[in-house]
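Structure, as C-alpha cells:
Protein chains in written order, with the numbering used here: chain U, 11 to 471; chain C, 1486 to 1819.
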C-alpha cells in the first residue's frame, strides 16, 4: 500500500476514534451543568449526587477525547503537509482560535471543577462546569468552521500557489458551518441524552436508587426528545443545502446515477459502481425531490451529470466518490435517527402514563439504544468525508495532492499500527471504568478501599 | 515592526509559557516513582499538578495552532519532518493524559502501577524530546530548496541534540522538584528538596555543556544578545541552586523558571529571522517571511491573540491562586 492510502486510513481511524468521545463530551457537559444548577437552586442533595455520578462518567470520557484530540491537531502537518501549505493561511486560523478561545477555557475550568468542590462557593462551582460546557461546544464550532472550508470553500482567493483568506467573517458564517455546527452539537446532545436514559433504564430495571435514576431519566428524556427532533430537522435542511453546494455527495448518498425530475428516494439498493447502475433498487417515487426541494417535483442531479459538469470545470478525472459507502452510511445514520425518535416518543408516552418501569422490554431497549447515536455520528461523518472524495478541499485540492511527500509509507504504517494498538488498549480501559462506575451507581466509595494507602508500593513490580 | 516578527515573538512566548508550565508537570511526573513510595504519597504528588496540567498542556496546542495559522510552511515542514519524534511525543501525551484521570479510579495495585508507569514515561519522553527538537531547529536539519525535509529520524539525533534533550529533561525535573517543595509538606517536602539538590548537581554541567557546544554547532553567538541570554540561563540556574541550598524554595523555583525562559528565548533569538535552519544550504532555511501566512490572516490572528491571551493569563493565574495551598495526605479526595 502506498503512503496516500495509509495516511487516509490513519486519518479515518484516529478521527473516527476521537469522535467517539467528542459528542458525549458536548452533551454530557451540558447535562451535568444542568444537574448542578438544579442542586444549587434547590439544595436537593440528590442532584448533587447526580452531578457527581454523571460527572465521573463525563470525566472518564473527557480524558479520552482530549488526548485523542491532540493527535488530530498534529496530523495535518505530519501526514498532510501539502494540504497544510495549501490551506494553512485559512485552516490554521480557526484551529488557533479554537485553542485560544475554547481549549484554554475548557481545560482550566475543568481542573477547577474537579478539585474545587470545597474551594469555591456552590454558585461559582456550578459556573465552572457551565464554562466547560460552553467552551466544549465553542471548540466544536471552530473545528467545524475549519472542516466546512474543506466542504465549501468561502472567503478565499488563490494566490501565491495557495488558498489565502480574504474574509474571516465569511469563513465563520460559511453556510455549511451554519448547518454543520447545530447538527453536530445536537447530535452530541442526543448522544448524551441516550447515554443518560440508557444507564438510568439499566438501574430502573433493577430497581436500584429509583428516585435518583427517575430524575436522571427525566432530564435525559427531555433533552433526548428535543435534540433528536432538532438534529433530524437540521439534517434535513443541511441535505437540501448540500444538493446545491456538494451535488456529488448527495447524488452518491442517493446512488442516483441519472438526473431525475421528479427524483425518487432509494430505500435499499444493490449498487454496481463499475457499470454505474443499481441492479436492485427499491424506491419511493418523488420523495427524493421532496427531500431536496420540499415539493414532489424538481430536478435532482444524478452522478453522471455532476461528473460531466465537474469534468468541464476541473478537467478530465474521476470525481465520483465510493458510492456504496456513502449510500449506506447515509442510510445507517437516518435509520439510527428514526429509531431514536420512535423510542424516545414511546418512552415519553409511557412516562406520562407512569408505566415505563412496568415495561422491562422498553427499559432494555433503551439500554441497548445507547450505541445508536454513536452509529449515527460515525456514519454521518463517513458520509460527509467519504462523500467529499476525491477532493480534500472541494474543488480546490485533491487528496492525492495533499499528502506529505517527506513521509514514507513505512512511517505511516508504523504509526498507524501503534496508534491502533494503543487506542485499542485505551478503549478496553475506558469501557472497564465506565461499566464499573455505571454498575456501582451513585453511592460513592472512598478511593483506595482495598489498597492500603500507606503501605509501600513499587512501580517496578 | 511587521506582523511576521510579532508572530515570531508570540510563538516564542507560547513556547516559553509551555516549557515553564508543563516543565514542572513533566518534572513532577518524572519524579513520581522516586518520591512516591506509598500510594498516598503518589496521590499527593499527582494532585499537586492535578488541577493545572491540562490547562498547561493547552499552551502546546496553542503554540501548534499558532504556528499553523501564522507560518503554515513552518508547521508543514516541522511536523512532517520531525515525524517519528512527534509521534513518540503524541504517544507519551496520550497515555499520560489518560493516566492522570484513570489511575485513582481503581484500587488494584497492578492497575495503579500500570498508570503510574504511564505518567512516568509520558512525562519523561516529552521532557527529553523537546530538548532534542528545539536544538535541531537551531542546529539545522536537511531541508531542500522546496522546503521539504529530506532526512530521517536519525538525522535528528546527534551528540549536540542529545545533550539538548538531556538538559531539558534535567531542568524540567529540577523544576518539578522545586514545584513540589512549594506544594507539599513534611517528609514529602524533604524528599522533594533532596531530589532537587541531586538533580541540580547534574543540571548545571548539562546546561554548561549545551551552551559551550552551541558555539561550534550553531550560530547562536553571532548575535550577542542571544548569547548573553543563553549564558544568563546558566547564571539563573546557579542562583537557583544557591537559593535551594539556603532554603528559599520559592525564589529557587522562580530562578529555575527563568533558566527555562532564558534558554527558550536564546534559541528563538538565535533562530530569528529563520524558523528552521537548513543544514544543506542557508538559502533554503525557512524564515518568518517565506513560511508565513498572508498579511490579512496575520492581522486577523493578531487581533484574536491580543484579545484572548491576556484573558487566558488572568484566569490561569486565578487557578493557581485557588489551589495555592499545599497538598497533604490528610485532604485527598481525588
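The beta-carbon is built from N, C-alpha and C at its ideal position, and this holds for glycine as well. The structure displayed is predicted, hence computed values, not measured ones.
Leaving aside the five residues that flank residue 444(U) on each side, the residues in its chain whose CB is nearer than 8 Å to its CB run, in chain order, 67, 70, 71. Listed along the chain, the chain C residues whose CB falls inside 7 Å of the CB of residue 99(U) are 1557, 1778, 1779, 1782.
It is roughly 47 Å from the alpha-carbon of residue 112(U) to the alpha-carbon of residue 287(U). Counting along the chain, residue 386(U) sits inside the alpha helix (DSSP H) bounded by residues 381-396. Counting only Cβ-Cβ distances below 9 Å, residue 129(U) has contacts in chain C at 1807, 1808, 1810, in chain order.
Within the segment 1530-1551 of chain C, 1532, 1535, 1536, 1537, 1538, 1539, 1540, 1541, 1542, 1543, 1544, 1545, 1546, 1547, 1548, 1549, 1550, 1551 place their CB atoms closer than 9 Å to a CB of chain U, listed in sequence order.
In this structure, the alpha-carbon of residue 1725(C) lies about 5 Å from that of residue 1740(C). Taking the CA atoms as reference points, residue 326(U) sits about 13 Å from residue 316(U). For the 7 Å CB-CB criterion, residue 1566(C) and residue 1634(C) form a contact.
Shortest Cα-Cα distance from residue 263(U) to any of 237(U), 301(U), 284(U) involves 301(U). When 8 Å is used as the limit between beta carbons, residue 176(U) is near these residues of chain C: 1781, in chain order.
In this structure the segment 35-45 of chain U does not lie against the segment 81-101 of chain U, because fewer than three pairs of beta carbons, one per stretch, are closer than 8 Å. Secondary structure note for residue 1800(C): its alpha helix (DSSP H) is the uninterrupted segment 1780-1807.
For residue 1793(C), the nearest beta carbon of chain U is closer than 7 Å to its own beta carbon. Under DSSP, residue 88(U) takes part in no beta bridge, so it has no partner. The segment 177-190 of chain U makes contact with the segment 154-164 of chain U: 3 or more CB pairs, one atom from each, lie closer than 8 Å. Residue-level contact check: residue 1786(C) touches chain U, since one or more beta carbons of chain U fall below 7 Å from its beta carbon.
In terms of CA proximity to residue 424(U), 1568(C) leads the group 1558(C), 1568(C), 1812(C), 1523(C). For residue 330(U), the three-state secondary structure derived from DSSP is coil. If you ignore the 5 residues before and after residue 74(U), its C-beta comes within less than 7 Å of the C-beta of 31, 436, 440, all in its own chain and listed in chain order.
Taking C-beta atoms as the reference points, residue 1551(C) and residue 106(U) count as a pair closer than 7 Å. When CB distances to chain U are screened at a threshold of 8 Å, the residues of the segment 1590-1611 of chain C falling below it are 1590, 1591, 1592, 1593, 1594, 1597, 1598, 1601, 1602, 1605, in chain order. If you check the CB distance, residue 108(U) and residue 145(U) do not come in under 7 Å. Here residue 241(U) really is in contact with residue 347(U); their C-beta atoms are around 7 Å apart, less than 8 Å.
Pairing residue 195(U) with residue 25(U), the inter-Cα distance amounts to about 17 Å.
Where residue 289(U) is concerned, the enclosing beta strand (DSSP E) starts and stops at 287-294. Secondary structure at residue 1772(C): strand, using DSSP grouped into helix, strand and coil. Inter-residue distance for residue 1548(C) and residue 1706(C) is about 26 Å (C-alpha atoms, whole angstroms). Annotation for residue 380(U): 204, 205, 208 place their beta carbon closer than 7 Å to its own, counting only its chain and skipping 5 residues before and after. 66, 69, 70, 72, 73, 74, 76, 77, 78, 79, 80, 81, 83, 84, 85, 86, 87, 88: these are the residues of the segment 64-88 of chain U whose beta carbon lies less than 9 Å from some beta carbon of chain C, given in chain order.
In terms of Cβ geometry, residue 1508(C) and residue 77(U) do not form a close pair [threshold 7 Å]. For residue 1583(C), the C-beta contacts it makes with chain U under 7 Å involve 73, 74, 77, 436, in order along the chain.
Proximity of the segment 1741-1757 of chain C to the segment 1713-1732 of chain C meets the contact definition, three or more beta-carbon pairs being nearer than 8 Å. Among the residues of chain U, those whose CB is under 8 Å from the CB of residue 1566(C) are 416, following chain order. Sequence-distant partners of residue 335(U) (beyond 5 residues in either direction) whose C-beta falls short of 7 Å from its own C-beta, in its chain, are 392, 396. Cβ contact annotation for residue 1744(C) (same chain, cutoff 7 Å, sequence separation greater than five): 1656, 1718, 1721, 1722, 1725, in chain order.
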